[in-house]
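Written out as structure tokens, the structure reads:
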């Protein structure tokens, strides 16, 4: 199974869709998400289906700014226990470090971080928002939801001290540019950038929080550490990502992956066994999820998909998809379009 995301990310989805004349339960079922998940912040849903549903709803309901609208229904509390640690932080720097460290609790496919200003302006930094495209397909609405929510959280905590200078959106505008200016409150919004980010003066990192409480922050971080294991640290996840990097370009053999991870093949197999899996199972899982993404979200020909998955022949793809999905690749694509 691919990476998940807490259903809190869909807070406000049902009333927003109804407001637009749609049926949220029907959309959920179509994308394999239990409608009951909309009522539970802590439920987990597949992030790929979550994002595909947002993109489909925006298109079908004629709402190109759906991601930004959904962000307006949400606040920092969708992050659950992570929100407590962030709000109790002493400075913006400490809060961002905490968010970056524990974002995997919300979804292991998402990450936030501080990076040098992509425009090279001294004294400016970029707060970036990324999705791991090795594990899940790109989603314009999902990216706009994440950016829009980060902005709302920053404003709620810092107010005018936030000092946002500009916003970088990593795709073409989905709505009139004025809609982005309205949501973020800045005139400088650029599109098609290398990464989605909000640019601010680096001095903001030293800004303090009114709700800072060192004791609560320490206890909250200890709770997060004891209750949650970062899946990125498991051997299985490291193998998954290494296989995904090589898929279609080089043979993802046990010896090759072990060499990349700087370990012996037998040692790698032992670690995977302790985690209840095998190397072949991990490779099969990566191929299955990649095949599903290619078949349901692209128009790539079957021969190209076979090559991207590291299959020598299209017939191998056909047999694999029948084993995974119980139907042919063309049927999977046809049903997704329907």
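Residue numbers (full-length UniProt numbering): 1 to 338. Glycine included, C-beta positions come from ideal geometry on N, C-alpha and C.
Contained alpha helix (DSSP H) runs [length at least 4] in the UniProt domain "HTH araC/xylS-type" (237-335), N- to C-terminal order
Counting only runs of 4+ residues, the alpha helix (DSSP H) found wholly inside the UniProt domain "HTH araC/xylS-type" (237-335) occupies 254-260, 265-274, 279-297, 302-308 and 314-325, in chain order.
Please classify residue 17: is it buried, with 16 or more other beta-carbons within 10 angstroms of its beta-carbon, or exposed?
Only buried fits residue 17, as 16 or more other CB atoms lie within 10 angstroms of its CB.
Tell me the rounded alpha-carbon separation between residue 48 and residue 292.
Near 10 Å, if we compare the C-alpha coordinates of residue 292 and residue 48.
Just the Cα atoms here: how many angstroms apart are residue 31 and residue 13?
Going by C-alpha positions, residue 31 is about 14 Å away from residue 13.
Whose CA, out of 236, 329, 327 and 21, lies closest to the CA of residue 286?
A check of alpha carbon separations from residue 286 across 236, 329, 327 and 21 identifies 236 as the nearest.
Verify whether the separation of the beta carbon atoms of residue 152 and residue 100 is less than 9 Å.
Contact flag unset, no.
Could you check the C-alpha separation between residue 68 and residue 213 for me, to the nearest Å?
A direct Cα-Cα distance of roughly 31 Å separates residue 68 from residue 213.
Return yes when the Cβ of residue 318 is within less than 9 Å of the Cβ of residue 328, no when it is not.
Yes, these two residues count as a Cβ contact at 9 Å.
So which of 311, 176 and 108 has the shortest CA-CA distance to residue 6?
For residue 6, the closest of 311, 176 and 108 by C-alpha to C-alpha distance is 108.
Return the bridge partner residues of residue 116 from the DSSP annotation.
The partner list for residue 116 (beta bridge, DSSP) reads 125.
Among 308, 167 and 145, which one has its Cα closest to the Cα of residue 193?
Per the Cα distances, 167.
In chain order, what residues of the same chain have a beta carbon less than 8 Å from the beta carbon of residue 224, not counting five sequence neighbours either side?
If we look at residue 224 and ignore the five residues flanking it on each side, its Cβ neighbours are 81, 82, 85, 102 and 105.
With a cut-off of 8 Å on the beta carbons, I'd call residue 303 and residue 314 a contact; round off their distance for me.
Right, their Cβ atoms sit about 5 Å apart.
Please classify residue 138: is it buried, with 16 or more other beta-carbons within 10 angstroms of its beta-carbon, or exposed?
Result: exposed.
Rounded to whole angstroms, what's the CA-CA distance from residue 174 to residue 331? Just pull it up for me.
Their Cα atoms are separated by approximately 30 Å.
What does residue 198 pair with, by DSSP beta-bridge criteria?
In DSSP, residue 198 forms a bridge with 127 and 167.
If you draw a straight line from the C-alpha of residue 70 to the C-alpha of residue 269, how long is it?
Going from the Cα of residue 70 to the Cα of residue 269 covers about 44 Å.
To which residues does DSSP link residue 190 through a beta bridge?
Answer is 168, bridged to residue 190.
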